[in-house]
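Chemist: I have a structure I would like to understand better, so I am pasting it below and will then ask my questions one at a time.
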Amino acid sequence: MAKLILTHEVTGLGAAGDVVEVKDGYARNYLLPRNFALTWSKGGEKQVESIKAARAAREHASLEDAQKQAAALSAKPVKLVVKAGETGRLFGTVKQADVADAVEAAGLGKIDKRKVELPAHIKSVGSYQANVRLHADVAAVIELDVVAGK
């Protein structure tokens with residue numbers, strides 16, 4: 001088992017700054033190459049505090065603010081304009097950053113791209129749903145309308 005310090009939130013494992021133990025293969029093949037974690041060391045404990053401080057600064061100030069933003073995000077679909085061919089197939093794929101930018105452009109507030117969870121790769125125009133974790137206790141479902149443009 002490998003002992004790691006998470007640098008990003010990993011669904012089902014923990015939040016940034018958490019010290020976790022995972023199987024060696026999962027650490028070596030997934031977490032470490034994607035910079036989701038660092039190997040644990042005694043000197044790494046100092047990094048844990050800075051990671052937790054940065055996470056606290058990014059999180060919503062209160063549960064009520066997160067609930068208000070979740071209600072706003074769930075109430076109105078977000079239009080995402082992307083380059084697409086004549087058949088509706090996208091040139092590329094929709095990424096978490098694209099969703100975060102579209103939410104901000106729609107005037108629904110700013111969200112962290114790392115908090116956006118897409119259920120599958122979005123490679124064609126249509127309607128989709130994305131989950132956003134706004135707070136430890138609050139998650140919102142966003143309706144995405146992917147349309148061809150540009």
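Take 1 as the starting number for the sequence shown in my numbering and just add one per residue. C-beta: ideal position from N, C-alpha, C; glycine also. Source: prediction; values computed, not measured.
(1) Please name the residue or residues paired with Val117 in a DSSP beta bridge.
(2) Just list the alpha helix (DSSP H) runs in the region 41 to 109, keeping only unbroken ones of 4 residues or longer that don't cross its boundaries, in chain order.
(3) Enumerate, from N- to C-terminal direction, the unbroken beta strand (DSSP E) stretches of 3 or more residues contained entirely within the region 4 to 37.
(4) Determine the direct distance from the alpha carbon of Leu38 to that of Gly25, and round the result to whole angstroms.
(5) Along the beta strand (DSSP E) that carries Ala139, what are the first and last residues, could you check?
(6) Could you check the C-alpha separation between Lys52 and Glu21 for me, to the nearest Å?
(7) Counting Cβ pairs, one atom from each stretch, are 3 or more of them under 8 angstroms apart for the region 77 to 85 and the region 95 to 105?
(8) Tell me Ile122's beta-bridge partners as DSSP assigns them.
(9) Do Thr87 and His121 have their C-beta atoms closer together than 8 angstroms?
(10) Looking at Leu108 and Leu73, is the spacing between their C-beta atoms short of 8 angstroms?
Modeler: In terms of the structure at hand:
(1) Inspection of the sequence shows that residue 117 is occupied by Glu rather than by Val. For Glu117, which the question treats as bridged, DSSP gives the partners Asn131.
(2) Every alpha helix (DSSP H) stretch that sits fully inside the region 41 to 109 and reaches 4 residues is listed by chain position as 44 to 58, 63 to 75, 96 to 105.
(3) Qualifying beta strand (DSSP E) stretches, in chain order: 19 to 22.
(4) Taken atom to atom, the span from the alpha-carbon of Gly25 to that of Leu38 is near 14 angstroms.
(5) Residue range 138 to 148 is occupied by the beta strand (DSSP E) that includes Ala139.
(6) One Cα belongs to Lys52, the other to Glu21, and the distance between them is close to 18 angstroms.
(7) For the pair of segments examined, the region 77 to 85 was found to touch the region 95 to 105: the number of CB pairs separated by less than 8 angstroms reaches three.
(8) Note: Ile122 sits in a beta bridge opposite Val94.
(9) If you check the CB distance, Thr87 and His121 do not come in under 8 angstroms.
(10) Yes; because the gap between Cβ atoms is below 8 angstroms, this pair is in contact.
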